[in-house]
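To keep things clear, I will list the structure first and then write my remarks on it.
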Amino acid sequence: MATYAIGDIQGCHFSFQHLLSEIQFNPSRDRLWLVGDIVNRGAGSLEVLRWVYQHRAVINLVLGNHDLHAITVAEGFAKAHRGDTLQAILDAPDRDVLLGWLRCQPLIHDGGEYVMVHAGLLPQWTIQAATSLAAEVSQALCSDDYRDFLAQMYGNQPATWSDELEGMDRLRVITNAFTRLRICNDAGEMDFKFKGELSDIPQGYQPWFDIAGRQSKDATIIFGHWSALGLQQRDKLFALDTGCLWGGQLTALRLEDRALFQVPCSLEDAPQLITPD
């Protein structure tokens, strides 16, 4: 038995299947951890979503911003963006089953030795606190009135966490941190405009994982979301978004021995390259 964590797939069905073949994935024996953004921008979003749903018994998935975008577009609270590849999902006869399942996936997975999120954790949060806060958003997403949450989910404010936050302000900060965070300042104020490389980070900000005194520093965290960051391997940190969609690679990390496996982007998945977000 082996457990593989895989970076942002983003609808790259052919690359995903190539990677599964490379690691000799066997659903009767192995498990997959997926860091979110399984759909959108690649040519096979529906195929990826169907495959993941079919194998859900052996998969741990955390929600990414593109997954939430797909759900919000389907519910009519957002418009598709240029370059989105969601129409096949929206037109599929099984869309409600697929998106209903996707909507109820968590924002964090604590597997003991490793913790997985899509984007990041605010410096004030311990893993225990982050898990509890993520559960608040999951409760909203899986409730009967989940549409009320989706209707108010988007926005960049508040940009800083406070234990005193309530209502949608509280849920929006939690959601943004887990699915959109790349950089913040020492106080945990998030900057959502920046999407570039480490050398271009604005003055006063740092990658969320480099903030001094980060309360989750003792946990080994796996994440994706930041394609310009590329592969990062530290003792307690693994960034696995290696930009498959943008002509890079799709990456898997075997958790038992930290072995890496990579396959190149398939042109069938990304026939055109567009500005990543």
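Heads up: the sequence shown is residues 4 to 280, going by our numbering.
Ideal placement from N, C-alpha and C gives every residue a C-beta, glycine not left out.
Through-space distance from I92 to A190, alpha-carbon basis = Straight across, the Cα-Cα distance linking A190 with I92 is about 39 Å.
Do G47 and L64 have their C-beta atoms closer together than 8 Å?
-> Not in contact: G47 and L64 (Cβ atoms no closer than 8 Å).
Relative to the alpha-carbon of S219, which residue among V118, L35 and H72 has its alpha-carbon at the smallest distance?
-> That would be V118, whose Cα lies nearest to the Cα of S219.
Alpha carbon to alpha carbon, how far is L102 from A137?
-> Looking at the two C-alpha atoms, the distance is approximately 19 Å.
Considering only residues of the segment 90 to 174, which uninterrupted beta strand (DSSP E) runs meet the minimum length of 3 residues and lie entirely inside it, listed in chain order?
-> Complete beta strand (DSSP E) runs here, min 3: 111 to 113 and 118 to 120.
Compute the Euclidean distance between the alpha carbons of C268 and A132, then round it to the nearest angstrom.
-> Cα-Cα distance, rounded: 37 Å.
Where G45 falls, given that 16 or more other Cβ within 10 Å makes a residue buried = Result: buried.
Indicate the three-state DSSP secondary structure (helix, strand or coil) for D194 in the structure shown.
-> When DSSP states are grouped into helix, strand and coil, D194 belongs to the strand group.
Whole beta strand (DSSP E) elements within the segment 227 to 280, 3-residue minimum | Counting only runs of 3 or more, we get 235 to 237, 240 to 242, 252 to 257 and 262 to 267.
Using only alpha-carbon positions, find the residue among E25, H69 and F28 that is nearest to I12.
-> I12 has its Cα closest to that of H69, out of E25, H69 and F28.
Going by Cα to Cα distance, which pick from R32, V55, Q20 and A5 is closest to E271?
-> Ranked by Cα distance from E271, the first of R32, V55, Q20 and A5 is Q20.
Report yes if the C-beta distance between A77 and V42 is below 8 Å; otherwise report no.
-> The answer is no: Cβ separation not under 8 Å.
May I have the straight-line CA-CA distance separating C15 from S230, to the nearest angstrom?
-> The straight-line gap from Cα to Cα measures roughly 14 Å.
So is V140 buried or exposed if we call it buried at 16+ other beta carbons inside 10 Å?
-> The residue in question, V140, is buried, as its Cβ has 16 or more Cβ neighbours within 10 Å.
Cβ neighbour criterion (16 or more within 10 Å) applied to R32 | Result: exposed.
Leaving out five residues before and five after I277 in sequence, what residues of the same chain have Cβ atoms less than 8 Å from its Cβ?
-> For I277, the predicted structure reports a pLDDT of 46, less than 50, and the residue's modelled location is therefore unreliable. The matter cannot be settled from this model.
Segment limits, beta strand (DSSP E) that includes R34 = First-last of the beta strand (DSSP E) with R34: R34 to L37.
Does the segment 195 to 202 come close enough to the segment 104 to 112 that 3 or more CB-CB pairs lie under 8 Å?
-> Taking one beta carbon from each stretch, the segment 104 to 112 and the segment 195 to 202 have fewer than 3 pairs nearer than 8 Å; the two do not touch.
Specify the secondary structure class of A73 as computed by DSSP and reduced to three states.
-> Residue state, collapsed to three classes: helix.
Checking contacts by CB at 8 Å: is D166 closer than that to chain B?
-> Although the question refers to chain B, the structure presented lacks it and comprises just one protein chain.
C187 burial status per 10 Å Cβ neighbour count (16 or more: buried) = So C187 counts as buried.
L232 to R185, Cα distance in whole Å?
-> Taking the straight line from one Cα to the other gives about 9 Å.
Distance, Cα to Cα, I177 vs Q155?
-> C-alpha separation (whole angstroms): 13 Å.
Same chain, Cβ closer than 7 Å to G158, neighbours up to 5 away in sequence not counted | Only R175 meet the Cβ criterion.
Measure the Cβ-Cβ separation of H58 and G227 and say whether it is below 8 Å.
-> Against a cut-off of 8 Å, the Cβ pair of G227 and H58 comes out as no contact.
Assigned secondary structure, N68 (DSSP; H/G/I helix, E/B strand, else coil) | Annotated three-state conformation of N68 is helix, per DSSP.
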